[in-house]
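Let me begin by presenting the structure, written as structure tokens, before commenting on it.
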Amino acid sequence: MIKQIWNKVVDYQSIFILLIVWEVIAALGIMPERLFPSMFVVIGVAYDLAISPLLWDNLSVTMVRVLSGFTIAAVIGVPLGIMMSRFNLMNKLMQPMLSIGYPIPRVALYPILVFMLGIGSGSKIFLIVLECLFPIIINTYYGALRVNHIYVWASQNMGANHFNMFWKVLLPATAPSIFTGLRIALPLALIISILTEMISSTEGMGYLLSFMSSSLVQENVLASVMLIAILGYLMSVILDIIQKKFIFWH
Amino acid sequence: MTKKHAAMEIENLRKVYSTKKEEVVAIKDVSLTIPEGKFVSIVGPSGCGKSTFLHIVGGFIEKSSGKVKVRGKEVEKPGPDRGMMFQESALFPWLNVFDNVAWGLDIQGVAKKERNEIVEKYLKLVRLWDFRNQLPSQLSGGMRQRVSLARILAFDPEVLLMDEPFGALDAQTREEMQVELLRIWSESKKSVLFVTHDIEEAVFLSDTVVVFSGRPAVISEVIDIKFPRPRDLNLYKSAEFRDYRNQIWDMLHQEHHKPVQIVSEVVNG
Amino acid sequence: MDNKPLRMIAVIELLAVFLIWELLAGFQWFPTYLSSPIAIIKSMGELWADGDLLNHIGFSLFRSLMGFLLVVIVGVTLGILAGYYRRVGTFLDPIVNTLNPIPKIALLPILMVWFGITDTTRILIIFLTAFFPCFVATRDGVKSIKQVYLWSGQNMGASTFQLLRKIVFPVTLPKIFDGLRVSLGLTFVMMFSSEIIGAANGFGLGFLILNADLGGRTDYMFAGVAFIGLLGFIFDKLLLTIRSKVLWWDVNKV
Chain A
1 MIKQIWNKVV
11 DYQSIFILLI
21 VWEVIAALGI
31 MPERLFPSMF
41 VVIGVAYDLA
51 ISPLLWDNLS
61 VTMVRVLSGF
71 TIAAVIGVPL
81 GIMMSRFNLM
91 NKLMQPMLSI
101 GYPIPRVALY
111 PILVFMLGIG
121 SGSKIFLIVL
131 ECLFPIIINT
141 YYGALRVNHI
151 YVWASQNMGA
161 NHFNMFWKVL
171 LPATAPSIFT
181 GLRIALPLAL
191 IISILTEMIS
201 STEGMGYLLS
211 FMSSSLVQEN
221 VLASVMLIAI
231 LGYLMSVILD
241 IIQKKFIFWH
Chain B
1 MTKKHAAMEI
11 ENLRKVYSTK
21 KEEVVAIKDV
31 SLTIPEGKFV
41 SIVGPSGCGK
51 STFLHIVGGF
61 IEKSSGKVKV
71 RGKEVEKPGP
81 DRGMMFQESA
91 LFPWLNVFDN
101 VAWGLDIQGV
111 AKKERNEIVE
121 KYLKLVRLWD
131 FRNQLPSQLS
141 GGMRQRVSLA
151 RILAFDPEVL
161 LMDEPFGALD
171 AQTREEMQVE
181 LLRIWSESKK
191 SVLFVTHDIE
201 EAVFLSDTVV
211 VFSGRPAVIS
221 EVIDIKFPRP
231 RDLNLYKSAE
241 FRDYRNQIWD
251 MLHQEHHKPV
261 QIVSEVVNG
Chain C
1 MDNKPLRMIA
11 VIELLAVFLI
21 WELLAGFQWF
31 PTYLSSPIAI
41 IKSMGELWAD
51 GDLLNHIGFS
61 LFRSLMGFLL
71 VVIVGVTLGI
81 LAGYYRRVGT
91 FLDPIVNTLN
101 PIPKIALLPI
111 LMVWFGITDT
121 TRILIIFLTA
131 FFPCFVATRD
141 GVKSIKQVYL
151 WSGQNMGAST
161 FQLLRKIVFP
171 VTLPKIFDGL
181 RVSLGLTFVM
191 MFSSEIIGAA
201 NGFGLGFLIL
211 NADLGGRTDY
221 MFAGVAFIGL
231 LGFIFDKLLL
241 TIRSKVLWWD
251 VNKV
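Below, the structure written as structure tokens:
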């Protein structure tokens, strides 16, 4: 057990080195304390935040936005991507939109969306859906294109109709690529949620961060960033676990 | 001349892979001497360690113990004294045929004019001068390996090492390449250590065929092939050829049961 | 795939969207804040004639390209070293793995406390965000190099520096470009975000949009958004053009 912990420490030695350097700088007072607080102080502030309703209220708002935007994008994007791979007309209509839309910084639409949908969750969820659609559609499409023709022919040979083909052949065969798309999309949803909340909002983790940073006290800022970092990290860990469980054959 | 060294001398070469649980002996004290100007092949079942053996001689993999000498000089790491040809094309896909052959010469700082002459000479030798501006991806598998051969000959190594260079080619191209190789080899007169799993290829090309037994690799037999040169594909049809082939085939299929160690003149050098 | 018909369809689709938009606005079936394409093009012209537009674009581009340049230099160099030398890799991996899942925009307030609301902060946040795709793609590209390339380089007597410069770098270039394309997209996203959060007076397309927002001029907002979109689009195409020029030998080129 101790050995396992020690191995982890060795694996992550660079993080510990950075932390020690940080603490030394903070302790020696090379930088003003207001700008460069000790990590222990930061952790203290983060803990105070974590046991206050301030965190949980804002966290739940952000999570609702992230998950609903992500889910809507998945429900639209996956069938669209698969249909694009099967129907040429669909592909020809969608490809230009994707290739024009992909390189454009869609976030810039946010101020306009606020005009249309208000400062609440609507504008944020809309932008999350818009951002998440791209990786989901693109990965699903290329994944479905690569599905071995033998599978499709074999299922046709066994009398599968369009419905069966979608649910029982294309969807499972494309699952690893779909998952790749979702894997890219979920962190994106979190980024967009926090970003838009930082630009203009009255609640959410991004708002909390802006609120804390308006004090210009670095330990408040760092504590909020630390909590957001933990949130981002947890989401990626959960995704890894899900991936290992469901895409086992890949 | 004081003492004439053989082209390659390998003494008691041993390779041990250590994992956490155990130590696996991949090559067990193999000694082999390749005389100057000879073509020697190693055959053996796949996974018997013959490629590892060659990679150690090339200096790409570290040996556990033993000695590898090229013309009396002990070698530790890869170097241009041993030209190595790999099974998969190692041509750089971002350079055309000419620049690929010129690469090693540039590295060694050969002057441009001389470099161009050398590249031309060897591309003409492998009959691909007309393809000098093509990319490797535009060539067939056989042509790619001919360029590889030209690239190695261009930097004038002392010996040639070949790791199943025709293993990825189809049967017909393979035979053409074997004839090509013999033609080119007869002009360059460099010693060759050639690894293959194809018995007929080994018999057709070699002066000597060394049979490896599997896990750990030891030499189970050394056979001198006494065909005159130049050789052509008609050799494949001769009765003596089939005798050699069958002899080695039998050896490979019984050596699982009892490895025999027959020492011939070549081993002792 | 043949690109020409797709390009035709793209133009037709765009025109159709603009036409419907214009018609809906013309019949006043749209709320007025949605403006209309012709009004937006007019405002774009006004902004251009005004002279400030070039300043806005210039400052935004300066920030974006400085950040991106840093990414190219630092990201590619560190990526190659981390992929080639295992020790560099094991040192950098935990830092990257820890920082990568974090929404980097959250680091903006930290930088603001340190460096104020300045271009240093903006360039740094662009760099910090866009660094990761480039670094990860480069590192993974180096790690997946075929062993025979390195071996034949060594066989021909190349030094380590020559291996890195003449084999590792060119082989990894396709992957590097893949990463850089993602990085470039993030560059413009962060340019916009860093200009619109913690606003200061000055030039930049983000400020233009913000000021138009505060002044209720949605036509200027649309114009600002259109310019950011155009910049993103043009520089993406530029990168793809450079890519196809540099990687003319790559059989898998997009």
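Protein chains in written order, with the UniProt record's numbering: chain A, 1 to 250; chain B, 1 to 269; chain C, 1 to 254.
Yeah, the Cβ is synthetic: ideal placement off N, Cα and C, and Gly gets one too.
Quick one: is the Cβ of residue i within less than 8 Å of any heavy atom of the ligand GDP?
i        : result
B/Leu252 : The ligand GDP is absent from the structure shown, which contains no ligand whatsoever.
Hey, out of the options, whose CA is closest to residue i's CA?
i        : options                                   : result
B/Tyr17  : B/Glu62, B/Leu205, B/Arg132 and B/Ser238  : B/Glu62
A/Arg183 : A/Leu93, A/Ser224, A/Leu133 and A/Asn161  : A/Leu133
C/Ile41  : C/Ile57, C/Glu22 and C/Phe30              : C/Glu22
A/Lys103 : C/Leu231, C/Arg243, C/Trp249 and C/Leu247 : Checking the sequence shown, residue 103 of chain A turns out to be Pro, not Lys. Ranking the options by Cα distance to A/Pro103, first place goes to C/Leu231.
A/Ala229 : C/Ile95, C/Leu14 and C/Val88              : C/Ile95
B/Phe92  : C/Val148, C/Gly89 and C/Pro101            : C/Val148
C/Gly229 : A/Ala144, A/Ile2 and A/Ile100             : A/Ile100
B/Phe212 : B/Ser31, B/Val101, B/Met8 and B/Asp130    : B/Ser31
B/Ala6   : B/Ser89, B/Leu95 and B/Lys190             : B/Lys190
A/Leu98  : C/Val11, C/Gly202 and C/Gly79             : C/Val11
C/Val198 : C/Lys245, C/Gly58, C/Arg122 and C/His56   : Note on identity: in this sequence residue 198 of chain C is Gly, with Val being the wrong assignment. When only C-alpha atoms are compared, the closest one is C/Arg122.
C/Trp151 : C/Leu163, C/Met191, C/Lys143 and C/Lys175 : C/Leu163
Determine the chain A residues that contact residue i at a beta-carbon separation under 8 Å, and present them in chain order.
i        : result
C/Pro220 : Note on identity: in this sequence residue 220 of chain C is Tyr, with Pro being the wrong assignment. Chain A residues near C/Tyr220: none, gap ~11 Å exceeds 8 Å.
C/Leu6   : Lys92, Gln95, Pro96 and Ser99
C/Leu107 : Val225
List the endpoints of the continuous beta strand (DSSP E) containing residue i.
i        : result
B/Lys15  : Met8 to Ser18
B/Asp207 : Premise fails: B/Asp207 is in no beta strand (DSSP E) and is neither H nor E.
B/Lys28  : Glu23 to Ile34
C/Leu53  : Where C/Leu53 is concerned, there is no enclosing beta strand (DSSP E), although the alpha helix (DSSP H) it sits in stretches over Asp52 to Leu70.
B/His69  : According to the sequence provided, residue 69 of chain B is Lys. The question's His does not apply to it. Run containing B/Lys69: Ser65 to Val70, per the beta strand (DSSP E) assignment.
B/Gly83  : Arg82 to Met85
B/Thr196 : Ser191 to Thr196
B/Ser220 : Val218 to Asp224
B/Ser41  : Phe39 to Val43
Can you give me the C-alpha to C-alpha distance between residue i and residue j, rounded to a whole angstrom?
i                      : j        : result
residue 252 of chain A : A/Ile17  : Any question about residue 252 of chain A goes unanswered here, given that chain A covers just 1 to 250.
B/Phe166               : A/Ser155 : 40 Å
A/Ile136               : A/Leu127 : 15 Å
A/Ser52                : A/Val42  : 15 Å
B/Pro259               : B/Gly58  : Low local confidence applies: a pLDDT of 47 at B/Pro259 is under 50, so the model's placement there is unreliable, and no value is given.
A/Trp6                 : A/Gln13  : 10 Å
A/Lys244               : C/Lys104 : 26 Å
B/Gly269               : B/Val70  : With a pLDDT of 33 at B/Gly269, under the threshold of 50, the modelled position of that residue is not reliable, and the figure given next carries that caveat. Going by the C-alpha atoms only, they are around 14 Å apart.
A/Gly29                : A/Met84  : 60 Å
B/Thr2                 : B/Glu36  : Note that B/Thr2 scores a pLDDT of 46, beneath 50, so its modelled location is shaky and nothing firm can be said.
A/Phe246               : A/Leu239 : 11 Å
C/Met1                 : A/Asn88  : Because C/Met1 carries a pLDDT of 46, less than 50, the predicted location of this residue cannot be relied on, and the following value inherits that uncertainty. Those two C-alpha atoms are separated by around 12 Å.
B/Glu120               : B/Gly142 : 19 Å
C/Ala212               : C/Thr218 : 6 Å
B/Arg174               : A/Val78  : 47 Å
B/Val210               : B/Glu11  : 15 Å
C/Gly216               : A/Ile119 : 15 Å
C/Gly179               : C/Cys134 : 4 Å
So with CB distances below 8 Å, who are the chain B contacts of residue i?
i        : result
C/Met112 : Per Cβ cutoff of 8 Å: no residues; C/Met112 is ~44 Å from chain B at best.
C/Ile167 : Phe92
Can you name the residues of chain C whose CB is closer than 9 Å to the CB of residue i?
i        : result
B/Gln108 : Met156 and Gly157
A/Leu145 : The contacting residues do not exist; A/Leu145 stays about 11 Å from chain C at best.
For a contact defined as C-beta to C-beta under 8 Å, what are the partners of residue i on chain C?
i        : result
B/Met84  : Trp151, Ser152 and Asn155
A/Tyr233 : Thr98, Pro101 and Ile102
B/Pro80  : Asn155, Met156 and Gly157
From which residue to which residue does the alpha helix (DSSP H) around residue i run?
i        : result
A/Val225 : Gln218 to Phe246
C/Val168 : Careful: C/Val168 lies outside any alpha helix (DSSP H) and carries neither H nor E.
C/Glu13  : Lys4 to Gly26
Starting from residue i, find everything on chain B with Cβ-Cβ shorter than 7 Å and list it in chain order.
i        : result
C/Val148 : Phe86, Glu88 and Ala90
Along chain C, which residues have their Cβ under 7 Å away from the Cβ of residue i?
i        : result
A/Ile191 : Pro103 and Ile105
A/Met198 : Ile105 and Ile197
Along chain A, in chain order, which residues have C-beta atoms closer than 7 Å to that of residue i?
i        : result
C/Asp213 : Pro111
Please list, in chain order, the chain A residues whose beta carbon lies closer than 9 Å to that of residue i.
i        : result
C/Asp236 : Tyr102, Pro103 and Ile104
Practice problem: Using a Cβ-Cβ cut-off of less than 9 Å, give me the residues of the segment 23-45 of chain C that come near chain A, in sequence order. | Solution: Pro31, Tyr33 and Leu34
Exercise. Pull out every residue of the segment 112-127 of chain A whose Cβ sits closer than 9 Å to any Cβ of chain C, in chain order.
Key: Under the 9 Å Cβ criterion, the segment 112-127 of chain A contributes Ile112, Val114, Phe115 and Met116.
Exercise. May I ask you to list, following chain order, the residues of the segment 47-66 of chain B that have a beta carbon less than 9 Å from some beta carbon of chain C?
Key: His55, Gly58, Gly59 and Phe60
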